[in-house]
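Protein chains in written order, with our numbering: chain E, 714 to 824; chain P, 5 to 471; chain H, -9 to 106. All residues carry an ideal CB built from backbone N, CA and C; glycine is no exception. Just so it is clear, the structure is predicted and the values come from calculations on it, not from any experiment. In what follows, a structure is listed as structure tokens, so that the remarks can point back to it.
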Amino acid sequence: MPITYYIFLAVALFSIGVAGVLTRRNAIIIFMCVELMLNAVNLLLVAFSKMHAQNAIAIDPAAVAGVEAQLFVFFIMVVAAAEVSVGLAIIVMMYRNIHSVDVNFLNRLKH
Amino acid sequence: MSIFFLLLQQELLLTAIIFVLLFVKLSTKQWNSQTVLSFVNILLVVNLAAGFFFKEKGTLFGDMFQTNDLLRFEKNILNLGTLLISLQAYNWLLKHKHAIEFYLLMLSTLLGMFFMLSSSNLLMFYVGLELASIPLAALANFDLDKKRSSEAAMKYIMSSAFASGLLLFGISLIYGMVGSVNFTDIAVAASENPLFLFGFILLIAGFGFKISAVPFHLWTADVYEGAPVAVTSYLSVISKGSMLFVMTSVLSTVFANLLFQWYNIVAVLAVLSMIVGNLFAIRQQNIKRFLAFSSISQVGFILIGMSGANIESHSSVVYFVLVYLFSNLAAFAVINVISEASGKENIDDYKGLYKTNPALTWVLAIALFSLAGIPPTAGFFGKFFLLLGGASKGNYLLIIVAALNMVISLYYYLRIIKAMFMDANETPVEKLAISWSPKISMAVCMAGIVVTGIISGAYEYIYSLLK
Amino acid sequence: MGAASLIVLILAAIAFSAGAILIAKVVTKATKNKQKAEPYESGIPTRGPSWVQFNVGYYLFALLFLIFDVELIFLYPWAVAAKKVGLLALVEIIIFFFILFMGFLYAHKKGALKWK
């Protein structure tokens, strides 16, 4: 399959994630949208990795290419988990204080 | 093998300190918090001093990690700042249940910044960046019983997660066009390919969030106001400073081929940051919010220096971050003392401060003079070199805008100085007894402001490191 | 071509998205109710405050599990390369597990693993 399809899919997923972060007011859903953005990135990285590996193999059958992108995906997954767990812990703290996860209640700090 | 330890000296020492603190926390003995805090501060002094003794340079981990004289110097600057913040936070942490956790989180972020600075690979850069930003959210939440503290943490973690999402999408596009995440390969392959440019712009957006340049600044004021004072100063000096170091070197080395493209982006960010930061700083009532917007406008000036993209402008950015560290930390030291003793954080509360606390007033006044860039202080020379670096491109319009903004900023910095020295106040902050640790911190900051300004060696030393 | 088409594209994009938002604003009836602010908008409405019935142990366990579970992802690339790298790989994974174990000990010391 040509790489452009993967790019379109990843851009679409990423845009949905961005739109969700910008429009939703619920903290948990915002984190879900951030995950969507990161997964779009993972998809794109794996697709590009495959593309570069194929290109390299076409020139030299013994070549190894595109490994670093797959490693990158592992790191993104772990970091995303860390980010979400810190975020969820903060959401729980916030819930104890203001009994809601709606970020509009956070407007007190505006201006 | 020994070269491994020599190259990684700063990172390994910091890791060792983190583990020692973890062992202290895990031990069954209940340590006296005063002992623990003095112990930590001694460790930080050792950490700072040890950084000056090693000169080895080279790369490690298959070209993922690099170190050289400039990077060592930048890490020493960050070590110094962390030590100063730790001294300022002493009294606050003495009363806090989780003092050791504060250091665990803060030193972890510092470690992340070190790896980010030393990265010569986008993967190492990303991991360092995240290590530097995730624990900061937990730090912002460190006033556990205060509502606004957890609000600040919430805003920080959300905007930082969003920013790293943008940055990662940029990285993945750059990887797709180049086929490698190594900085050297990217520098060779950097081209005007549309997808590459798109990725590059997203990367700059990610940078912009971390240094809180306008229009990516929206989280800054809220987080600065809500977080504890020590964390605010850490965010505004160490976190921002490390990101500025990285951004300067990445833009001028990795993306040197795209100079024409990023020059315009950086110039627009600089002008917007200066104008918006200044205009919002004028109408602030809370002094932490005020310093947040003042730091946004300082970032605008630094971006002007960055846009020069030569050795002079690079060293001017490093020099200004050093000066900014001293000036901003001096201001935060005073705010920390007053906020700790009386809980007052509004500019109106600072009226008539000179009558009760002349020493604190002078420290804050000199710090604000330095931030405003008034001649005998280091801030003037810092801004002068920045503008000189930016002027090397011949874009004098940018320099004129910057000069106008310096005048505006003078107005609001002097407003606070006038409030402290001249305005009358019926309920001024009472006379405060300042303990030794903030005193040392303030003395170092004052010495730094005077010495780095008067002795021209500082700038020339940084310049010699870059050559 | 070139710049002009790009400008047209940007204007069209702005007009399209602004139009969609405006039409949605005009046509739909804006409902503001408490359900919008709930963690999950679908499903049965909760009765009474849901927080008090929620055992805080669940959330601590979930977070700890999430972290330690995901960290093990690094074992896959390690296992692929371990044979080629040799003894150094063993040392590295021991350091890695030592760091994880310290985190685990910290959680244990904090009492996060006790079922309350």
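Subject >> For N186 of chain P, three-class secondary structure by DSSP >> reply: The three-state secondary structure of N186 of chain P, taken from DSSP, is strand.
Subject >> Limits of the beta strand (DSSP E) - the one that F69 of chain P falls within >> reply: Element bounds for F69 of chain P: 69 to 71.
Original post:
Counting only beta-carbon atoms, is S798 of chain E nearer than 8 Å to chain H?
Top reply: True, the Cβ-Cβ gap to chain H drops below 8 Å.
**OP:** Let me know if Y48 of chain H comes out buried or exposed under the rule of 16 or more other beta-carbons within 10 Å of its beta-carbon.
**Re:** By the neighbour-count rule (16 or more Cβ atoms within 10 Å), Y48 of chain H is not buried but exposed.
**OP:** May I have the straight-line CA-CA distance separating E796 of chain E from T431 of chain P, to the nearest angstrom?
**Re:** Looking at the backbone, the Cα of E796 of chain E and that of T431 of chain P are separated by about 44 Å.
**OP:** Answer yes or no: do F259 of chain P and A194 of chain P have a C-beta to C-beta separation smaller than 8 Å?
**Re:** Against a cut-off of 8 Å, the Cβ pair of A194 of chain P and F259 of chain P comes out as a contact.
Original post:
Buried or exposed: where does D352 of chain P fall if 16 or more other Cβ atoms within 10 Å of its Cβ makes it buried?
Top reply: Exposed is the call here.
Subject >> Short CB-CB distance (under 8 Å) between V60 of chain H and chain E >> reply: Interface with chain E (8 Å Cβ-Cβ cutoff): V60 of chain H is included.
**OP:** Return the residue from the list P:Q92, P:G85, P:I104, P:Q302 that minimises the CA-CA distance to L114 of chain P.
**Re:** The shortest Cα separation from L114 of chain P among P:Q92, P:G85, P:I104, P:Q302 belongs to P:G85.
Original post:
What are the complete alpha helix (DSSP H) segments, minimum 4 residues, inside the segment 728 to 801 of chain E?
Top reply: Counting whole runs of 4 or more residues, the segment 728 to 801 of chain E contains the alpha helix (DSSP H) stretches 740 to 772.
Original post:
Is N45 of chain P near I21 of chain P, with beta carbons less than 8 Å apart?
Top reply: Contact flag unset, no.
Subject >> M714 of chain E versus D773 of chain E: straight-line alpha-carbon distance, rounded >> reply: Using only the alpha carbons, I get a separation of about 21 Å.
Original post:
Start and end of the beta strand (DSSP E) containing G245 of chain P?
Top reply: Note, G245 of chain P: premise wrong, no beta strand (DSSP E); alpha helix (DSSP H) at 244 to 253.
**OP:** Determine, using beta carbons only, whether K292 of chain P comes closer than 8 Å to chain H.
**Re:** No - not a single Cβ of chain H is within 8 Å of the one on K292 of chain P.
Subject >> A462 of chain P versus E229 of chain P - alpha carbon distance >> reply: Between the alpha carbons of A462 of chain P and E229 of chain P lies a gap of roughly 33 Å.
**OP:** Say whether the segment 216 to 227 of chain P touches the segment 156 to 173 of chain P, bearing in mind that this needs 3 or more beta-carbon pairs closer than 8 Å, one atom from each stretch.
**Re:** Judged by Cβ distances under 8 Å, the segment 216 to 227 of chain P makes contact with the segment 156 to 173 of chain P, as three or more pairs qualify.
Subject >> Host alpha helix (DSSP H) of G457 of chain P (start-end) >> reply: Per DSSP, G457 of chain P is one residue of the alpha helix (DSSP H) stretching across 440 to 458.
Subject >> Exposure label - M426 of chain P; buried when at least 16 CB within 10 Å >> reply: Label assigned to M426 of chain P: exposed.
Subject >> Three or more C-beta pairs below 8 Å linking the segment 242 to 250 of chain P and the segment 291 to 298 of chain P >> reply: In short, these stretches do not touch, since the Cβ pair count stays below three.
Original post:
Alpha carbon to alpha carbon, what distance is there between T236 of chain P and H318 of chain P?
Top reply: So the alpha carbons of these two residues sit roughly 26 Å apart.
Subject >> At least three beta-carbon pairs within less than 8 Å, the segment 136 to 144 of chain P to the segment 112 to 127 of chain P >> reply: Three or more Cβ pairs drawn from the segment 136 to 144 of chain P and the segment 112 to 127 of chain P lie within less than 8 Å of each other, which places the two stretches in contact.
Subject >> For G398 of chain P, the nearest candidate out of P:A271, P:A363, P:L375 (CA to CA) >> reply: Here the closest residue by C-alpha is P:A271.
Subject >> Nearest-angstrom Cα separation, counted from L77 of chain H out to A156 of chain P >> reply: Answer to the nearest angstrom: the Cα atoms are 46 Å apart.
Subject >> C-beta atoms of P232 of chain P and W366 of chain P nearer than 8 Å >> reply: Between P232 of chain P and W366 of chain P, the CB-CB gap reaches or exceeds 8 Å.
Original post:
Name the DSSP beta bridge partners of N125 of chain P, please?
Top reply: N125 of chain P pairs with P:N186.
**OP:** Take the Cβ of K79 of chain P as the centre, count every other Cβ of all protein chains shown within 10 Å, and call the residue buried at 16 or more, exposed below.
**Re:** With 16 or more other Cβ atoms within 10 Å, it is buried.
**OP:** For chain P, find out if any of its Cβ atoms is closer than 8 Å to the Cβ of L822 of chain E; answer yes or no.
**Re:** Caution applies to L822 of chain E, whose pLDDT of 46 falls short of 50 and renders its modelled position unreliable; the value that the coordinates give is listed next. By this cut-off, L822 of chain E is an interface position.
Original post:
Closer than 8 Å, CB to CB, is M247 of chain P near chain E or not?
Top reply: No, no contact with chain E.
Original post:
CA-CA distance, L87 of chain P and A53 of chain P?
Top reply: Distance between L87 of chain P and A53 of chain P, taken at the CA atoms: about 11 Å.
Original post:
Taking the C-alpha atoms as reference points, what is the distance between Y94 of chain P and E105 of chain P?
Top reply: Between Y94 of chain P and E105 of chain P, the C-alpha separation is close to 14 Å.
Original post:
Hey, how far is the Cα of A234 of chain P from the Cα of K73 of chain H?
Top reply: Those two C-alpha atoms are separated by around 47 Å.
**OP:** Starting from V131 of chain P, find everything on chain E with Cβ-Cβ shorter than 8 Å and list it in chain order.
**Re:** Taking the beta carbon of V131 of chain P as reference, the chain E residues within 8 Å of it are F788, V792, listed in sequence order.
Original post:
Can you tell me where the beta strand (DSSP E) with G386 of chain P in it begins and where it stops?
Top reply: Per DSSP, G386 of chain P belongs to no beta strand (DSSP E); it is in the alpha helix (DSSP H), 382 to 395.
Original post:
Expressed to the nearest angstrom, what Euclidean distance is found between the alpha-carbon atoms of H98 of chain H and L26 of chain P?
Top reply: Take the alpha-carbon of H98 of chain H and the one of L26 of chain P: they are about 13 Å apart.
Original post:
Of all the CB atoms in chain H, is at least one closer than 8 Å to the CB of L29 of chain P?
Top reply: Position check: residue 29 of chain P holds Lys in this sequence, whereas Leu was assumed. Proximity of K29 of chain P to chain H, defined by a Cβ-Cβ separation below 8 Å, is satisfied.
Subject >> L115 of chain H versus L12 of chain P - alpha carbon distance >> reply: Because chain H spans -9 through 106 in this model, residue 115 of chain H falls outside it and cannot be assessed.
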